[in-house]
Every structure is written in C-alpha cells, then in structure tokens.
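S.K.: Provided herewith is a single structure, encoded as structure tokens, for subsequent inquiry.
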Amino acid sequence: MGCMQGGGFDSNSVVTANVLETSIPVIDGKKYYFLSVLTRTADGDEGGKHQLISATVNGGKLYICKAQAGGKRWFKGARKFVESAANSSSVA
Numbered sequence: 001m002g003c004m005q006g007g008g009f010d011s012n013s014v015v016t017a018n019v020l021e022t023s024i025p026v027i028d029g030k031k032y033y034f035l036s037v038l039t040r041t042a043d044g045d046e047g048g049k050h051q052l053i054s055a056t057v058n059g060g061k062l063y064i065c066k067a068q069a070g071g072k073r074w075f076k077g078a079r080k081f082v083e084s085a086a087n088s089s090s091v092a
C-alpha cells in the first residue's frame, strides 16, 4: 500500500493505493503490463476508485491506457465494461 497525491481526488488529499492484481502477458510479440489498483482517500469520504492500467513500449514510446470506475458502479456491473475497455487497448 502506498500514498500519493491527487489521483482524481480533491487537491491536498492523501490517497492510499492498493495493487490488487498484476500481469505481464505477451500479445503479438509485445509485453503488456497490466495493473488493477484500488485507490481510496485516507478519510474514506470519497469512496474508492477501481483503476485498470495497461502499458507497453513500442518504437521507444510508452503507451498507457487507464480505465476507471467508482466503487459503487464497479460492483453494480461497471467492472465488465471497464475491463473490456482496458483489455481492448493495443499498439500496432
């Protein structure tokens, strides 16, 4: 668990981040780095945000895709849509 500033929350708020899952699959010969992260404010007032991040390098450039949903939406079915968006990103 780490602390960071910002992350889509109010300025000057402290946020905790929990890495829930990681993987490094090779797709079409390229390594992709996948992270599933849950961020929450220290006081818990803003709820949590589930963030799915995928990244790869191609031609010396870093490509990052981040998709997220609030905690309540995540459990009400948004998870499938966010996962689909994050998993559909690719670099030619």
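The numbering of the sequence shown is full-length UniProt numbering, which starts it at 1 and goes up by one.
Cβ coordinates follow ideal geometry from the N, Cα and C atoms, glycine included.
1) I'd like the span of the beta strand (DSSP E) that includes Lys76, first residue to last.
2) So, is Ser54 buried or exposed, given that buried needs 16 or more other C-beta atoms within 10 angstroms?
3) To the nearest angstrom, how far is the alpha carbon of residue 97 from that of Val91?
4) Under a CB-based cut-off of 7 Å, is Lys80 close to chain C?
5) As a quick exercise: from Gly77, Thr56, Ser88, Phe75, pick the residue whose alpha carbon is nearest that of residue 93.
6) Quick one, are the C-beta atoms of His50 and Leu38 less than 7 Å apart?
7) I need the DSSP call for Ser23, collapsed to helix, strand or coil.
8) Find the nearest neighbour of Cys65 within the set Arg40, Ser84, Asn18, judged by alpha-carbon distance.
9) Tell me which same chain residues have a C-beta within less than 6 Å of the C-beta of Lys61, skipping the five on either side of it?
M.R.: For this structure:
1) Taking the first residue of the sequence shown as 1, we reach residue 76 at position 76. Counting along the chain, Lys76 falls outside any beta strand (DSSP E), and DSSP gives it neither H nor E.
2) Your numbering for residue 54 matches position 54 in the sequence shown. With 16 or more other Cβ atoms within 10 Å, it is buried.
3) This structure cannot settle anything about residue 97, because the visible part of the chain is limited to 1 through 92.
4) In the structure shown, chain C cannot be found, because there is only a single protein chain.
5) In the structure displayed, the chain extends from 1 to 92; residue 93 sits before or after that span and is not available.
6) Start at 1 with the first residue of the sequence shown, and residue 50 comes out as number 50. Start at 1 with the first residue of the sequence shown, and residue 38 comes out as number 38. Yes, they are a contact pair.
7) In the sequence shown, the residue the question calls residue 23 occupies position 23. It is a strand residue.
8) Within the sequence shown, residue 65 is the residue found at index 65, counting from 1. Nearest option by C-alpha distance: Ser84.
9) Counting from 1 along the sequence shown, the entry for residue 61 is found at position 61. Same-chain partners within the cutoff: there are none.
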